[in-house]
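Colleague: Handing you a structure now.
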Amino acid sequence: MRWTRDAPTVLVRTVDTDVVAILIGKYHSLTSQHQMAAIWVAFGTGKNFMYLDINAICHALGKDRSTALPMFHSFTGCDTTSAFFGKGKKSAWEAWNAYVEVTEAFNNFMNHPYMTVTVNCKQFQLLERFTVIIYNKTSNLDSVNEARRELFSQKNRPMEKIPPTQEALLQHTLRAVYQAGIWATSDQCEQKPPTPEGFGWTLESATKTWRPVWSNLPVASQACSELVKCGCKSATCGGRCSCKKAQWKCTELCSCQCE
0 MRWTRDAPTV
10 LVRTVDTDVV
20 AILIGKYHSL
30 TSQHQMAAIW
40 VAFGTGKNFM
50 YLDINAICHA
60 LGKDRSTALP
70 MFHSFTGCDT
80 TSAFFGKGKK
90 SAWEAWNAYV
100 EVTEAFNNFM
110 NHPYMTVTVN
120 CKQFQLLERF
130 TVIIYNKTSN
140 LDSVNEARRE
150 LFSQKNRPME
160 KIPPTQEALL
170 QHTLRAVYQA
180 GIWATSDQCE
190 QKPPTPEGFG
200 WTLESATKTW
210 RPVWSNLPVA
220 SQACSELVKC
230 GCKSATCGGR
240 CSCKKAQWKC
250 TELCSCQCE
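Take numbering that gives the first Met the number 0: the final residue in the sequence shown is number 258, and no numbers are missing along the way.
Set out below in structure tokens:
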């Protein structure tokens, strides 16, 4: 840290993206105490080394987005939270630009660390809609479950390229909220975070190791004895319909479109 006429210049050396996200999230809080502070990050190594002007970045983002960035980073994948398969930061950033309303949720989680999350709360619903857009920017759907069904049945997306279930997304959100809570309180001299239990983590009794709770729903292979779909071309299925033979009703997976 270097001081010039009561204005500090701070240089942080790191190779960790999480540290950059924390600094951006805390920028407006830090500069409210030292308005003329200049914050720089010496980031990366070798050919990828660069200096990041945190002041310029935060001025470009604006206060709301700067404050929201750590939660965005946690939700879209960091050292302690998983990322959406095949969806990197670029896809997530484009989705944020397309759905700026989710900034409200990101900021709420940063301003209220470790807040309770349920599938019915407004903040989760904003994140759910944001997740849908990550996978399909033109979708009008709000539910990840509905988006999964549409992408799988109508657009023939493979399972790894559709959104997680709502239950899996809730557990992921809880883990992201926990991590963002730690970052939000990182300027406290002595942090006192709650137990990770209930935030998408569970303590394995045998090994005393924290394990992520991916979902509280049974896996498909256990919940479904078999998957049957017919190839009937007309809305009125005939006697050769595989669904009729199995004494099952046609579904949206069927060629007849379940009409």
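Note that CB positions come from ideal geometry on N, CA and C, so glycine has one too.
1. How long is the line joining the alpha carbons of alanine 167 and alanine 104, rounded to whole angstroms?
2. For lysine 86 versus isoleucine 133, is the C-beta distance shorter than 8 Å?
3. Are the Cβ atoms of proline 163 and isoleucine 181 separated by less than 8 Å?
4. Is arginine 12 buried or exposed, if buried means 16 or more other CB atoms sit within 10 Å of its CB?
5. From what residue to what residue does the beta strand (DSSP E) around arginine 210 run?
6. Just mark glycine 199 as buried or exposed, buried being the case when its beta carbon has 16 or more other beta carbons within 10 Å.
7. With a 10 Å radius around its C-beta and 16 neighbouring C-beta atoms as the bar for buried, classify histidine 171 as buried or exposed.
8. Candidates Arg128, Thr117 and Cys229: which alpha carbon is nearest serine 152's?
9. Determine the DSSP secondary structure at threonine 13, reduced to helix, strand or coil.
10. Can you list, in chain order, the residues of its chain whose CB lies under 7 Å from that of alanine 264, leaving out five sequence neighbours each side?
11. What separation, rounded to the nearest whole angstrom, lies between the Cα atoms of asparagine 54 and proline 157?
Modeller: Here's the rundown:
1. 18 Å
2. yes
3. no
4. exposed
5. 208-211
6. buried
7. buried
8. Cys229
9. strand
10. What the structure shows of the chain is the stretch from 0 to 258, and residue 264 is not part of that stretch, so it cannot be assessed.
11. 42 Å
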